[in-house]
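Below you'll find the structure, written out as structure tokens, and then a few comments.
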Amino acid sequence: MKRFELNLRDLGGIPFAGGVIPHGVFLRSGKLSIFTKEECSEFCKKHHIGCVIDLRTPVESAEFQDPLPENVKYLQIPLLQDAAVGITHETGSDPMTIIRNLRKHPEKLKEMVPDFEALYIDVVTDDYSRAQLDKVVATLRENAEKGICTLFHCTAGKDRTGIASMALLKSYGVSDEEIIRDYMRTNRNAFWPTIKKCIGVAILTGNWDLVTIGYNSFMADKKLIETAIKHYK
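So for the sequence shown, my numbering puts the first residue at -3; every next one is plus one.
Pasting the structure below:
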């Protein structure tokens, strides 16, 4: 199950006008805190990871720390300044925690569903977020030139990681179609963890509308990355 939760994939092999993205240089995933320290060390060794870029907020990272070995460089470059329910996962803002606390108040839960489209637009247009996004892309490319394999991640490896991947691939001239195809690959890994979460929502609330909302929130939506691409200038 960990391989699904990690949502790991190599961007290598994606074509662009000048060739293809090299393998073993850019890895994207969800949070590494699902590993023990020993597991994480083996994971980094297996994939020759020399640097990890954490796109989460400082509070998220402190709560769910990446247990990295000392020889792997860690960089925190958060794409959002503040917690966003459904996107960031700090203590108290994790969707499943909120559902447990408000399971008897479904109307409040529905009101808390984030506007994902607005969040995707903000990451590529807000001054702070865009500066951070540009920094991520620059760091990834600098590391690649030095032969360093870099893994970048948020919590689920879907939203912030998807936007960072989009920006990186755009910098290489990768077509929108290929970017969207990579983004939607998340659903191969997200399906079973999402079903597990939806079962939890159903048990906790007995509300089918909330189950449907949860499913749509946890799975990658093609329209969202299309929106990010449209507003990324």
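Cβ coordinates follow ideal geometry from the N, Cα and C atoms, glycine included. Note that the structure is predicted; figures quoted are calculated from it, not measured.
Spatial distance of residue 82 from residue 170 (CA atoms): Reliability fails at residue 82, whose pLDDT of 47 lies under 50, so the model's placement of it is uncertain and the value that follows must be treated cautiously. So the alpha carbons of these two residues sit roughly 29 Å apart.
With 16 other Cβ atoms within 10 Å as the buried cut-off, status of residue 16: exposed
Buried versus exposed, by CB contacts within 10 Å (16 or more), residue 77: exposed
Assumed close pair residue 51, residue 223 - CB separation to whole angstroms, cut-off 8 Å: The pair is not a contact, with the Cβ atoms about 18 Å apart (cut-off 8 Å).
Which of helix, strand or coil DSSP assigns to residue 212: helix
Cross-strand partners of residue 25 (DSSP beta bridge): 149
Residue 165 - DSSP class collapsed to helix/strand/coil: helix
Whether residue 44 touches residue 145 by CB criterion (8 Å): yes
Contact under 8 Å by Cβ, residue 137 with residue 167: yes
Three-state secondary structure (DSSP) of residue 69: strand
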